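2 protein chains.
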Amino acid sequence: MVGRKSLKGDYCPSARSLDVIGDWWSLLIVRDAFDGLTRFSEFRKSLGIARNILTDRLRTLVERGILEAIPVGDSGSRMEYRLTEMGQDLFPVMVALRQFGERHLFGPGEKHSVLVDRAQGLPVHLDIRARDGRAVGPDDAVILRIPEEE
Amino acid sequence: MVGRKSLKGDYCPSARSLDVIGDWWSLLIVRDAFDGLTRFSEFRKSLGIARNILTDRLRTLVERGILEAIPVGDSGSRMEYRLTEMGQDLFPVMVALRQFGERHLFGPGEKHSVLVDRAQGLPVHLDIRARDGRAVGPDDAVILRIPEEE
DNA sequence: ATTTTTGGTTGCATTATAAAACCAAAAAAG
DNA sequence: CTTTTTTGGTTTTATAATGCAACCAAAAAT
Numbered sequence: 001m002v003g004r005k006s007l008k009g010d011y012c013p014s015a016r017s018l019d020v021i022g023d024w025w026s027l028l029i030v031r032d033a034f035d036g037l038t039r040f041s042e043f044r045k046s047l048g049i050a051r052n053i054l055t056d057r058l059r060t061l062v063e064r065g066i067l068e069a070i071p072v073g074d075s076g077s078r079m080e081y082r083l084t085e086m087g088q089d090l091f092p093v094m095v096a097l098r099q100f101g102e103r104h105l106f107g108p109g110e111k112h113s114v115l116v117d118r119a120q121g122l123p124v125h126l127d128i129r130a131r132d133g134r135a136v137g138p139d140d141a142v143i144l145r146i147p148e149e150e
Numbered sequence: 001m002v003g004r005k006s007l008k009g010d011y012c013p014s015a016r017s018l019d020v021i022g023d024w025w026s027l028l029i030v031r032d033a034f035d036g037l038t039r040f041s042e043f044r045k046s047l048g049i050a051r052n053i054l055t056d057r058l059r060t061l062v063e064r065g066i067l068e069a070i071p072v073g074d075s076g077s078r079m080e081y082r083l084t085e086m087g088q089d090l091f092p093v094m095v096a097l098r099q100f101g102e103r104h105l106f107g108p109g110e111k112h113s114v115l116v117d118r119a120q121g122l123p124v125h126l127d128i129r130a131r132d133g134r135a136v137g138p139d140d141a142v143i144l145r146i147p148e149e150e
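Respectively, the protein sequence lines represent chains A and B. Okay, so the first sequence: first residue is 1 according to the working numbering, each after it adds one. Okay, so the second sequence: first residue is 1 according to the working numbering, each after it adds one.
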């Protein structure tokens, strides 16, 4: 291997997103961050991730602006990791993944956690719509490439 | 390493989804499949992925029910890989990733492809709503864990 | 009938990841 | 204030994942 391929230059926004959070652990860390976890040890306990890998992922997530490391305590050498605004914008990704999992990855009768609206306690749902409000499915949408010339 | 951790038993639907499509290449293959690519060589050219890795990923995506391999041509030894219904349900995940990328991963003035509604040619957007139609952000939602017992 | 393309497989080199041992600073306990 | 425990790592070593290149057989094209 000569180093993992980077999609930074890809014209496709999805590809760039995957470049930033597309590895095995990053999105799981982000999920836990949405869930309120902030400390190294909390992520570690929740994920069972190796320490060195967690160190590395937290650092790169901070570098990439998804998390911010906030010094905590007297000396400031302990950190709390919180989602930045950019990180919070991953919310729809998490919801979409959750929705897919709920629909396809649980047996009938098998229980799973549910994302609910805080105000009413009812399940949240995600949909994709055209500007006029019509629901849009995979066949109703098409990718418009950038005009190839300069 | 003793084998990569599996999240199959996780109660969290997002985690299970990541278990199925959370590796480096799978979602990129799925993206290309949404984009109409079907053949081994097409994926290979589009992604620059190594042949053996592509072979492996296509196989596991088929095993997991995201893609189906449809024999093509006379002898049926060449395959066309298409999204199953389950695979098509990853559409919101792709749209969410795209939306995140568009918002955060392109410089001002930098162009990117756009997902538009076929009927009107206008950009598609994704939103997360409570049952009553209110938009729901990260702070307005909370994960309801399964009752721990039994 | 020959050449080219497709769709792989195999072997080797390199990178990523995990597990465990180790460690220093901070926090907690006494 | 002294000792113990927790936190947040780093380093080392082993193994798995990935990439690259060579190879190959069957289809397809010429």
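Beta carbons are placed, not taken as given, at the ideal position from N, Cα and C, and that holds for glycine. These figures come from a predicted structure and were not determined experimentally.
Under the three-state reduction of DSSP output, valine 93 of chain A falls in the helix class. In the structure shown, valine 124 of chain A falls within a coil segment according to DSSP collapsed to helix, strand and coil. Annotated three-state conformation of isoleucine 70 of chain B is strand, per DSSP.
For the 8 Å CB-CB criterion, isoleucine 146 of chain B and proline 92 of chain A do not form a contact. Residue pairing by DSSP places methionine 86 of chain A opposite no residue, since no beta bridge is assigned to it.
Looking from the CA of serine 46 of chain B, the closest CA among B:Leu18, B:Asp32, B:Gln120 belongs to B:Asp32.
Residues Ile146 of the same chain have their beta carbon placed closer than 6 Å to that of tyrosine 11 of chain A, with the five preceding and five following residues left out of the count. Cβ neighbours of threonine 84 of chain A within its own chain (closer than 8 Å, five residues either side excluded): Gly65, Ile66, Leu67, Glu68. Between the stretch 95–110 of chain B and the stretch 12–21 of chain A, the count of C-beta pairs closer than 8 Å reaches three or more; the two stretches touch. Taking a cut-off of 8 Å for Cβ pairs, the stretch 115–123 of chain A and the stretch 34–41 of chain B do not touch, as fewer than three such pairs fall below it. Taking C-beta atoms as the reference points, valine 30 of chain A and glycine 87 of chain A count as a pair closer than 8 Å. Proximity to leucine 144 of chain A across A:Lys8, A:Gly109, A:Pro13 peaks at A:Pro13, based on C-alpha coordinates. At a cut-off of 8 Å between beta-carbon atoms, phenylalanine 43 of chain B makes no contact with chain A.
DSSP places isoleucine 29 of chain B within a helical segment (H, G or I) once states are collapsed to three.
Look at methionine 79 of chain B: its C-beta is not under 8 Å from any C-beta on chain A. Contact residues of the stretch 12–24 of chain B toward chain A are Cys12, Pro13, Ser14, Ala15, Arg16, Ser17, Leu18, Asp19, Val20, Ile21, Gly22, Asp23, Trp24 (C-beta to C-beta distance below 9 Å).
Pairing arginine 82 of chain B with isoleucine 70 of chain B, the inter-Cα distance amounts to about 8 Å.
Proximity of valine 136 of chain B to chain A, defined by a Cβ-Cβ separation below 8 Å, is satisfied. Serine 26 of chain B counts as buried, since no fewer than 16 other beta carbons sit within 10 angstroms of its beta carbon.
Here the C-alpha atom of arginine 59 of chain B lies approximately 11 Å from the C-alpha atom of phenylalanine 40 of chain B.
Chain A places a beta carbon closer than 8 Å to that of leucine 90 of chain B, counting this residue as a contact. In the displayed model, alanine 50 of chain B falls within coil according to three-state DSSP, outside both helix and strand.
Here DSSP, grouped into helix, strand and coil, assigns leucine 37 of chain B to coil. For the stretch 100–115 of chain A, the set of residues with a beta-carbon nearer than 8 Å to any beta-carbon of chain B comprises Phe100, Gly101, Glu102, Arg103, His104, Leu105, Phe106, Lys111, His112, Ser113, Val114, Leu115, in chain order. Within the same chain, Phe40, Phe43, Arg44 come within 7 Å of leucine 54 of chain A by CB-CB distance, once the 5 residues on both sides are set aside. The beta carbon of arginine 82 of chain B does not come within 8 Å of any beta carbon belonging to chain A, so the residue lies off that interface. When Cβ-Cβ separations below 8 Å define contact, isoleucine 29 of chain A makes no contact with chain B.
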